[in-house]
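Read top to bottom, the protein sequences are chains S and F.
If you're matching positions, the first sequence starts at -18 in this note's numbering and goes up one per residue.
If you're matching positions, the second sequence starts at -18 in this note's numbering and goes up one per residue.
Number of protein chains: 2
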Amino acid sequence: MGIQFKNLDQSKSGKKLLKGAKSANLKSLLTEDRIRDYQIAGPAGWRFSYAARPVDPQAVQLLVDLAAEQDLAAKYRELLNGAVMNTGEDRLVLHHLTRGQVDGPVRKDGKDLGAFYRSQLEKIRTFTEQVHQGTIKGSTEKAFTSVVQIGIGGSDLGPRAMFLALENSVSGKKYLDAHFISNVDPDDATAVVASQKLETTLFILVSKSGTTQETLANENFVREKLQKAGLNPDRHMVAVTSETSPLAKSSRYLASFFIDDYIGGRYSSTSAVGATILALALGWEVVERFLKGAHEADVAALEPDPRKNAALMDALLGVWERNALGYPSTAVLPYSQALSRFPAHLQQLDMESNGKQVNRFGQPLKYATGPVIFGEPGTNGQHSFYQHLHQGTDTVPLQFIGFLESQAGSDVVSEGSTSQTKLKANLAAQIVAFAKGQTHENANKMFPGNRPSSLLWNTKLTPEALGALLAHFENKVMFQGFLWNINSFDQEGVQLGKILTKSVLDGSASDPALRAFAKILSV
Amino acid sequence: MGIQFKNLDQSKSGKKLLKGAKSANLKSLLTEDRIRDYQIAGPAGWRFSYAARPVDPQAVQLLVDLAAEQDLAAKYRELLNGAVMNTGEDRLVLHHLTRGQVDGPVRKDGKDLGAFYRSQLEKIRTFTEQVHQGTIKGSTEKAFTSVVQIGIGGSDLGPRAMFLALENSVSGKKYLDAHFISNVDPDDATAVVASQKLETTLFILVSKSGTTQETLANENFVREKLQKAGLNPDRHMVAVTSETSPLAKSSRYLASFFIDDYIGGRYSSTSAVGATILALALGWEVVERFLKGAHEADVAALEPDPRKNAALMDALLGVWERNALGYPSTAVLPYSQALSRFPAHLQQLDMESNGKQVNRFGQPLKYATGPVIFGEPGTNGQHSFYQHLHQGTDTVPLQFIGFLESQAGSDVVSEGSTSQTKLKANLAAQIVAFAKGQTHENANKMFPGNRPSSLLWNTKLTPEALGALLAHFENKVMFQGFLWNINSFDQEGVQLGKILTKSVLDGSASDPALRAFAKILSV
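Pasting the structure below:
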């Protein structure tokens, strides 16, 4: 008896859920008892509170039933063990394997893929150590002092968010300064290149296919600047690509590190795509700790009972909010400046994975799938768009993230409390303000309340904690894909734009509207 | 006969609009003729195309009628001339006056407020010149080399977005390096302070009330670090505040520059709040050009016919999308890396202004108001959340922004075209891909089309162009506030969180849920 892939509206609990519901009344529900009970101990020190999510006990039971009926844990295990989960592209989905193996080896065409990913990480480790020791140097025999990643989408947002999250997490020395070039806008590369001492800069070119238009253009931009500076570009560049790409094993790179088609771009932060820059900038130990945390979260996500599995429960609650309550967007609000670009990464992870309108068999769906995801760090967001979240006409579910301690430990006492304490007091206050609202005789000062949120919290944003946080959201997105019965691992929706762009550039555009807009923009 | 403030559902055209509509069929509508006709020449070289917005000619006529019926141009003129438009707080709304006067002087309690704002800008100009000349120096008598703004919300997002937009726009010399501290998370201040040579750093403390918790905590953090470095903090700090604030005219600052209650935080980029750091970092001339562009846009927005007024038409189209078509969010997509944080500023500007559920008289509304706003620069977004925009189950209206030329002019030819040309080809392609979609036998490769967008474009992102772009959106938001009959200039929705935070910090929190969450976070 194999696992069945069914649409949400083909399962009994799914049908119930799709009939719609009223949001649970958090004003009365949000008690101390519920806050104690609606908590899940997660991996790497994380805890997850869903006390302020819009579910009463009956709704929670429905979600528990739905998880069982849709075989979510079993589907996840199949994915881990090499099932062809990316159906449209006939591919395995193996990003979990970059951080650890759960069951036996996963083989494809006789190749042990876990061993392959590990061998690439090992190559990165050795290369990194040689750069740090000054054995590998630039073309003028000077040691490298900074590293610039050239990549876009998954080759940029995840690695950049992870780097920013960790650059101040390690008290030991930081190795190389790190920067990123992503946009094909030449002003992006111009600004980054101008800020670097090229003689001691190492560039990481990241493109799985080796054909990404923006990335190749930026590579050429950088090579030209290196050449003009009298440097040999081949001695200032490594590639992260697939073994079959035009970039592989080229003498134009100091070294090449490989991934393959089973690591989707938006899931590649724990592969060579993220590991190379993290290792060069922050040291190999940070990468190992980061991967360890992600693996812990992957193991924790195997638990079939959502009441004991934060990623699974988070996924189910999201589907409840999207399909039973009809909320079209979700905000991610980390109370941590180090996570400033984490929402932008989740925006890609979630919207590119689950912004789909057909199921995994290519059949149109009759229900809503992935929401719009946006967010900025608190307390900044409080002084920006929270007005809308509190008193706007729509309800936006919120995902709060918080830490007991700051990363650097440097702080000041002002008006009787430290900044870290203020940060946490704000976070606690917001959860309750959103949930409970406030009555007032002046309608302008009235807060409707019943605006749902969850809280993920940990002691400190360490590399392990970041790895587990990343995996939490990757696994949440995966479970939601299973629930909606969609393929979360392809991105056909990016193809049409690429084709039309090419037609504009090679002069073959036939649509008069396309020609008119190209003319407007003097293309 | 005075101007009447009516709810959208109290006007004849508004009632029609609220009955709902089907999206116009862009697949057939988007012709060369329409692209030529649905264009508005705007201020400072801007052009606005609404050919791909979801309106047929009947809908456009309805919007033209609505603008007339709701007296939008007249309401704007009243605002310019000092009407109490911020009704809840009984205040004038005068940010336009920081960049120029349209009619006669605006006086309040006998004071000419335009003259007041100009006098502050003049003080900033003089101060800036003295810093640049080295007449005003730090406490060790060394010239300043960098400037750090301490502020949050409107004191951060706007100025930061404007600085990033302009830092590479001027070919002449850049004066001081600029940085920002906003979050109360101590890791924010720690990282920025660690990156600066304090001896030659000037801090700008920005808080209109002088009581912003996060900003005062960060001021104390910085003062402590300055002191520990053996420097006199009072010689390294200026204040931007109101004349009545505790910070005004204090000897603790090298200088103080004033705004007042008639400049809302999110509208303050063209006041002392934005001008100080722009002048110090980029020179006074840049500020003047920036203000000039904004003023041009303010004047252009006086035109009563929406077919000749880009800001007004943009506002009406947004209301059409929100209330006739029911779209809950809008994405802002600048094809310009320099505008990387412009969407974050618009997120505050729009969501804090129009995320309201009561009208300007404090009465509950029965229709949706401001949407969720999010965005990232293209081409980056294409490799991130565009999958969802193309093939997700919801429709998200898009606001594209583009430029014919890059800022720096440095470029490379790769595969036969420059990066700037590729950037523009992508932009043209996306507009058409979203509008027209693609049929395909494989549903997974099918693009539904009819996903609306508009395009604002200009030759180059100069200071004038940026000022006009900023004012375009400020005025769009204002017109939408008039249409929804809300007060776009208060933010009562941020108060409850502040009160509850205070209660946690002073131990007076009474709600058991609040105490429980505070305990969870070890506050």
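We put the CB at the ideal spot given by N, CA and C, even for glycine.
Everything numeric in this text was worked out from a predicted model, so none of it was measured.
Once the 5 residues before and after S/Y243 are set aside, which same chain residues still bring their CB inside 7 Å of it? R72, L73, V74, L75, L94
Which residues in the same chain have their Cβ closer than 7 Å to the Cβ of S/V65, if we skip the five residues on either side of it in sequence? D71, R72, L73
Quick one: using the 10 Å Cβ neighbour count with 16 as the cut-off for buried, is S/V504 buried or exposed? buried
Residues from the segment 349 to 369 of chain F in contact with chain S, defined by Cβ distance under 7 Å: A349, T350, G351, V353, F355, E357, P358, T360, N361, Q363, H364, S365, F366, Y367, Q368, H369
Rounded straight-line distance, which links the Cα of F/Y316 to that of F/L408: 7 Å
Which residues of chain S have a Cβ atom closer than 7 Å to the Cβ of F/L481, listed in chain order? A410, V413, A414
Reference S/A175, options S/V187, S/V203, S/V151, closest by Cα: S/V203
Pairwise C-alpha distance: F/Y156 and F/L207: 22 Å
Environment of F/V101 [buried if 16+ CB atoms lie within 10 Å]: The displayed chain sequence assigns Gln, not Val, to residue 101 of chain F. When all chains shown are included, F/Q101 counts as buried.
In the segment -4 to 53 of chain S, which residue ranges form an unbroken alpha helix (DSSP H) of at least 4 residues, counting only runs that do not cross its ends? 7 to 10, 13 to 18, 38 to 50
Taking Cβ-Cβ distances below 7 Å as the criterion, which residues of the segment 455 to 469 of chain F are in contact with chain S? none
Does the pairing of the segment 308 to 326 of chain F with the segment 346 to 363 of chain F give three or more beta-carbon distances under 8 Å? yes
Taking only the alpha-carbon atoms, compute the straight-line gap between S/I162 and F/A54 and give it to the nearest angstrom. 44 Å
Would you mind stating whether S/L346 and S/Q51 have Cβ atoms separated by less than 7 Å? no
Indicate whether at least one CB of chain S lies closer than 7 Å to the CB of F/Q380. no
Identify the continuous alpha helix (DSSP H) that holds S/I467 and give its terminal residues. That residue, S/I467, is in no alpha helix (DSSP H); it is neither H nor E in DSSP.
Once DSSP output is grouped into helix, strand and coil, what is the label at F/A159? strand
Proximal residues, the segment -1 to 23 of chain F versus chain C, C-beta separation under 8 Å: Absent from the structure: chain C. Protein chains present are S and F.
In this structure, what does DSSP give as the bridge partners for F/T399? F/V394
Enclosing alpha helix (DSSP H) for S/I501 [first to last residue]: 493 to 501
Can you give the Cα-Cα distance for S/R34 and S/D46, rounded to whole angstroms? 18 Å
Proximal residues of chain F, C-beta to C-beta of S/Q419 below 7 Å: L477
Local Cβ density within 10 Å of S/K500, reported as buried at 16 or more and exposed below that: exposed
Within 7 Å (strictly less), CB to CB, does F/A319 reach chain S? yes
Give the straight-line distance between the Cα atoms of F/F(-14) and S/Q344, rounded to the nearest whole angstrom. 49 Å
Can you find at least 3 beta carbon pairs, one from the segment 391 to 402 of chain F and one from the segment -8 to 7 of chain F, that sit closer than 8 Å? no
I'd like to check one pair, S/G191 with S/L228: are the Cβ atoms closer than 7 Å? yes
Which class does S/S249 belong to by DSSP, given the choice of helix, strand or coil? coil
Tell me whether S/I382 is buried or exposed, calling it buried when 16 or more other Cβ atoms sit within 10 Å of its Cβ. buried
So, is the C-beta of F/G134 closer than 7 Å to a C-beta in chain S? yes
Give the single residue among S/L486, S/N304, S/K479, S/D492 whose Cα lies nearest to the Cα of S/T193. S/K479
Please name the residue in F/V393, F/D279, F/E200 whose C-alpha comes closest to that of F/G448. F/D279
Based on the DSSP output, what are the partners of S/F323 in its beta bridges? DSSP output for S/F323 lists no bridge partner at all.
Residues of chain F with CB closer than 7 Å to the CB of S/S398, please, in chain order. L486
With H, G and I counted as helix, E and B as strand and the rest as coil, what does DSSP make of F/K479? helix
If I measure Cβ to Cβ from F/E277 and keep anything under 6 Å in the same chain, skipping five residues before and after, which residues do I get? P24, A25, A449
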